[in-house]
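Take a look at the structure set out below.
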Amino acid sequence: DAMVIQNPRYQVTQFGKPVTLSCSQTLNHNVMYWYQQKSSQAPKLLFHYYDKDFNNEADTPDNFQSRRPNTSFCFLDIRSPGLGDAAMYLCATSILAGETQYFGPGTRLLVL
Amino acid sequence: SQQGEEDPQALSIQEGENATMNCSYKTSINNLQWYRQNSGRGLVHLILIRSNEREKHSGRLRVTLDTSKKSSSLLITASRAADTASYFCATGSGGSYIPTFGRGTSLIVHP
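For the record, the sequence lines run as chains A and B.
Counting in our numbering, the final residue of the first sequence is number 568, and the numbers go up one at a time with none missing.
Counting in our numbering, the final residue of the second sequence is number 247, and the numbers go up one at a time with none missing.
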């Protein structure tokens with residue numbers, strides 16, 4: 457049974473056209489994370505939520521926003537995608553910060 | 137900044153051989169985690185080892201932690217072609233519990 461679900465699995469957008477990626481979880485975990493991973497690189501943390509508390513990494517571009525309307529769902533909004541934003545976007549959850557993370561399958565974003 | 141750094145960056149072995157990869161980190165930790173990522177997929181948690189533990193096992197996986205050397209190792213015994221993947225260590229840094237990931241070790245197991 458899928459525990460962390462990401463939709464869509466593949467997303468194609470145009471340069472500058474806003475795009476939203478979604479993540480849902482059935483684990484009822486407190487913490488949800490968004491990572492950006494480019495080819496052959498480490499997953500880079502963009503932000504995380506501890507319940508409703510939003511924590512933005514210092515080097516996350518302003519172009520990236522997030523919403524967590526309830527425990528189960530979290531969204532990543534890219535307001536004006538650039539070519540450099542093409543990447544795999546990974547959502548993860550954990551029951552507490554720093555504990556085992558459960559990852560979704562990722563959404564691969566292509567910017568044309 | 138990255139806390140964990142894996143070594144080697146790439147490892148190529150034959151099926152049945154053991155694979156060892158290492159992770160070094162810079163600051164004190166609460167725990168250290170190892171993950172596997174198959175090509176183009178999400179990460180899968182393998183083992184979490186806490187700072188007061190020295191060794192943990194899970195099936196064919198063995199993880200050690202040496203806090204005096206700020207390093208950890210992941211051993212995969214009797215490797216299989218299905219073990220082909222990238223392996224990442226992750227740990228918190230600078231007093232934060234939020235884990236950051238190293239660049240990973242790319243393991244190829246030839247059948």
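Every residue gets a Cβ at the ideal spot worked out from N, C-alpha and C, and that includes glycine.
None of these values were measured; they are calculated from a predicted model.
Notebook entry, point to check: What residues from the stretch 151-172 of chain B come within 9 Å of chain A, judged by C-beta to C-beta, listed N to C?
Noted result: Asn166, Asn167, Gln169 and Tyr171
Check: Under three-state DSSP, which class holds A:Leu568?
Finding: The answer is coil: DSSP assigns A:Leu568 none of H, G, I, E or B.
Check: Within 10 angstroms of its Cβ, does A:Gly560 collect 16 or more other Cβ (buried), or is it exposed?
Finding: Classification of A:Gly560: buried, given that the 10 Å Cβ count is 16 or more.
Next item on the list: To the nearest angstrom, report how far apart A:Thr563 and B:Gln173 are at their CA atoms.
Entry: 14 Å
Notebook entry, point to check: Could you give the residue range of the beta strand (DSSP E) that holds B:Tyr233?
Noted result: Taken as a continuous stretch (DSSP letters only), B:Tyr233 belongs to no beta strand (DSSP E), as it is neither H nor E.
Next item on the list: Quick one: list the residues of chain B neighbouring A:Ala553, beta-carbon separation under 7 Å, in chain order.
Entry: Tyr233 and Ile234
Next item on the list: State the start and end residues of the unbroken beta strand (DSSP E) segment that holds A:Phe471.
Entry: Unbroken run through A:Phe471: none, as it is neither H nor E.
Item checked: 6 Å CB neighbourhood of A:Arg523 in its chain, flanking five on each side removed -> Phe531
Note to self: Taking 8 Å as the limit between beta carbons, can you name the residues of its chain near B:Asn154, skipping five residues before and five after?
What the structure shows: Leu211, Ile212, Thr213, Ala214 and Ser215
Notebook entry, point to check: What number of angstroms, rounded off, separates the C-alpha of A:Glu513 from the C-alpha of B:Gly195?
Noted result: 36 Å
Notebook entry, point to check: Where does A:Phe510 land, buried or exposed, given buried means 16+ other C-beta within 10 angstroms?
Noted result: A:Phe510 should be labelled exposed.
Margin query: When you compare the stretch 199-207 of chain B with the stretch 159-166 of chain B, are there three or more beta-carbon pairs, one atom per stretch, that lie closer than 8 Å?
Written below: yes
Notebook entry, point to check: Do three or more CB pairs link the stretch 236-244 of chain B to the stretch 180-196 of chain B at distances below 8 Å?
Noted result: Because the criterion of three Cβ pairs below 8 Å is not met, the stretch 236-244 of chain B and the stretch 180-196 of chain B do not touch.
Margin query: Residues in the same chain with beta-carbon distance under 7 Å from B:Pro235, minus the five sequence neighbours each way, listed in chain order, please.
Written below: Gln169, Ala226, Thr227 and Gly228
Notebook entry, point to check: Listing by chain order, which chain B residues have their CB less than 9 Å from the CB of A:His485?
Noted result: Within chain B, no residue has its CB atom less than 9 Å from the CB of A:His485, the nearest being about 13 Å off.
Checklist line | Reduced DSSP category for A:Gly560 - H, G, I as helix; E, B as strand; rest coil | finding: coil
Next item on the list: Can you give me the Cβ contacts of A:Thr516 inside the same chain, cut-off strictly under 7 Å, excluding the 5 residues immediately before and after it?
Entry: These residues qualify, in order along the chain: Leu502 and Phe503.
Notebook entry, point to check: Which residues mark the beginning and the end of the beta strand (DSSP E) in which B:Ala288 is found?
Noted result: One cannot answer for residue 288 of chain B here, as it falls past the ends of chain B, which runs 137 to 247.
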